[in-house]
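Everything below concerns the one structure shown next.
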Amino acid sequence: MNESGSFSANEDGEQQQCSIGPIDIPAFWQIVLVIAYTIVAILSLIGNVAVLLLVLFCKELQNVTSIFISSISCASLLITCFSLWVSPYNYYQTTWHFGPVMCYVSFLVQGASLIWLPFTLTGIAVDRYLLVASPFRRQMSMKTCVLVIIGIWVGSFAVLGPYVGHVKYIEMLGCTFCIEDWKSEEGYRMLYGLCILLVRSALPLSIICICHWRIARILHQQNNKFKTMRSNSISSQSNEIRRRQRLQTLLLAMCLIFAFSSLPMDIFSVIQDWTMYKKSGNDRRTKHQSHPIPDYLMHFIFYFFHWLAMSGSILNPLVYAYFNENFRRHIQLCCVDFRNNGSFKHGFYTVITPNALQARLENTTPRNLLISEETQQLKTTMEELQTLEVVEENPEDVHV
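1 is the number of the first residue of the sequence shown in UniProt numbering; add one for each residue after it.
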């Protein structure tokens with residue numbers, strides 16, 4: 001077995017070694033790539049699982065926007081499992097080592113997940129715009145949100161139909177390959193690549209930009225209007241507008257992360273398709289190796305753009321979770337409970353019984369308690385004693 005690790009049988013029944021080895025990358029840069037991809041994988045697994053658990057167990061976080069973010073976290077986990085490590089390793093080895101099933105599954109999951117992200121961000125932007133533009137309009141229900149997410153998934157698979165239909169698992173010359181086999185349809189491949197660029201990047205980003213521009217304009221007008229009025233109710237409405245402005249800034253940051261991380265790889269793929277279309281000859285592998293720039297630079301560009309695209313797609317939900325006050329507060333609660341009790345269970349409570357409250361006040365010194373569906377922070381011993389007195393005197397005021 002050689003470096004590629006692949007064999008096939010020749011006409012005499014003897015196993016034939018694969019003569020195609022890995023691409024030439026210095027050992028130092030191999031280590032750098034392994035470290036870079038490993039960091040992204042660890043952050044993705046820990047962060048996205050945490051986001052899903054928080055949304056699943058915390059009632060305060062179970063809203064339409066959080067459900068959309070959870071769907072992005074699911075896509076991020078799929079990318080982590082099937083695309084983050086398979087694509088760079090396959091590019092390095094130049095041959096396929098994971099069998100025919102993984103060949104089709106990895107292409108399908110990678111493509112669907114990368115299309116799912118921008119369409120979900122588009123759904124969030126449209127939902128926020130409708131909510132701000134028509135404040136008396138009924139908010140999207142959880143059922144409708146789930147149906148929209150399912151529709152995005154179905155649409156993603158439909159868009160990928162031609163792509164998956166041309167994926168082939170090939171064994172030849174002792175080597176195995178998992179490639180897009182368009183045969184004499186290179187022109188269609190280039191056209192399809194352009195369509196994917198429009199559907200995955202240009203169209204969603206255009207809709208997102210229009211929605212956020214309209215949201216910013218409406219909130220700015222409302223804020224200016226309330227600044228000229230003085231009353232408690234107006235002050236409350238002004239605070240709500242500022243809260244929406246912060247949320248809009250956060251969601252816009254997620255969209256910018258997606259744009260700057262994904263567009264370079266999408267454009268790079270289209271340029272590759274155009275280069276292959278312009279090259280003459282029938283040997284596909286020869287065309288792959290014929291680049292107008294040196295191979296080492298082509299390898300560097302691919303790995304950098306791919307890592308950038310994976311990082312943006314995977315870490316996007318984590319950006320939302322970290323800068324969202326509710327998410328951050330519940331994460332802090334979980335960390336405090338784990339340190340004090342050795343478990344995360346109290347971080348998921350939204351109400352607490354009088355007996356449980358009294359037991360925690362007597363036996364522990366917690367920093368946070370969740371009472372009457374509102375998160376409050378007990379900073380001093382005096383506040384803890386006052387809360388205990390309220391529970392003992394008026395137990396009916398503490399809701400179970």
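Glycine included, every Cβ here is placed at the ideal spot set by N, Cα and C. Values in this document were obtained by computation on a predicted structure and should not be read as measured data.
For this session: May I have the straight-line CA-CA distance separating alanine 125 from isoleucine 115, to the nearest angstrom?
Result: 16 Å
Exercise. Taking three-plus beta-carbon pairs below 8 Å as touching, is the region 135-146 in contact with the region 164-182?
Worked result: no
For this session: To the nearest angstrom, report how far apart lysine 183 and asparagine 48 are at their CA atoms.
Result: Distance between the alpha carbons of lysine 183 and asparagine 48: 40 Å.
Exercise. The alpha helix (DSSP H) with cysteine 81 in it runs from where to where?
Worked result: 64-82
Exercise. Would you call the region 94-107 and the region 14-31 in contact, with 3 or more CB pairs under 8 Å?
Worked result: yes
Problem set entry | Close beta carbons around serine 156, own chain, < 6 Å, minus the five adjacent residues each side | Excluding positions up to five away in sequence, the list reads Ala112, Ile115 and Trp116.
For this session: Would you identify the three-state DSSP class for cysteine 178, choosing helix, strand or coil?
Result: strand
Problem set entry | Complete alpha helix (DSSP H) runs within the region 145-212 (minimum length 4 residues, chain order) | 161-165 and 186-197
Exercise. For lysine 168, which of Pro100, Leu219 and Gln221 has the nearest alpha-carbon?
Worked result: Pro100
For this session: Put glutamine 139 into one of helix, strand or coil per three-state DSSP.
Result: Glutamine 139: coil per DSSP, three-state reduction.
Exercise. Under three-state DSSP, which class holds leucine 369?
Worked result: Bear in mind that the predicted position of leucine 369 carries a pLDDT of just 39, short of 50, making it unreliable; the figure below should be weighed with that in mind. If DSSP states are grouped into helix, strand and coil, leucine 369 belongs with the strands.
Problem set entry | Spatial distance of asparagine 63 from serine 87 (CA atoms) | Looking at the two C-alpha atoms, the distance is approximately 35 Å.
Exercise. Between valine 159 and phenylalanine 305, what straight-line distance do the alpha-carbon atoms span, to the nearest angstrom?
Worked result: 23 Å
Exercise. Taking only runs of the alpha helix (DSSP H) that begin and end inside the region 86-139, which ones reach a length of at least 4 residues, in chain order?
Worked result: 86-93 and 99-133
Exercise. Span of the alpha helix (DSSP H) holding glycine 47?
Worked result: 27-57
Exercise. Taking the alpha-carbon positions, what's the serine 206 to histidine 212 distance?
Worked result: Cα to Cα, the separation comes out at about 10 Å.
Exercise. Which residues in the same chain have their Cβ closer than 7 Å to the Cβ of leucine 263, if we skip the five residues on either side of it in sequence?
Worked result: Ser201
Problem set entry | phenylalanine 82 and serine 106 closer than 8 Å at C-beta | yes
Exercise. Whole-angstrom Cβ separation of valine 40 and serine 70, contact assumed at under 8 Å?
Worked result: So it is not a contact: roughly 20 Å between Cβ atoms.
Problem set entry | Where histidine 330 sits in the DSSP three-state scheme | helix
Exercise. Between the beta-carbon of serine 313 and the beta-carbon of serine 269, is there less than 8 Å?
Worked result: no
Problem set entry | Environment of aspartate 24 [buried if 16+ CB atoms lie within 10 Å] | Looking at its Cβ environment, which holds fewer than 16 other Cβ atoms inside 10 Å, aspartate 24 is exposed.
Exercise. If we ignore side chains and look at the alpha-carbon of each, how far apart do asparagine 90 and phenylalanine 136 end up?
Worked result: 52 Å
Exercise. If you run the structure through DSSP and keep just helix, strand and coil, what is aspartate 266?
Worked result: Helix, per DSSP.
Exercise. Quick one, which of Leu219, Leu315, Tyr192 and Thr249 has its alpha-carbon nearest tryptophan 274's?
Worked result: Tyr192
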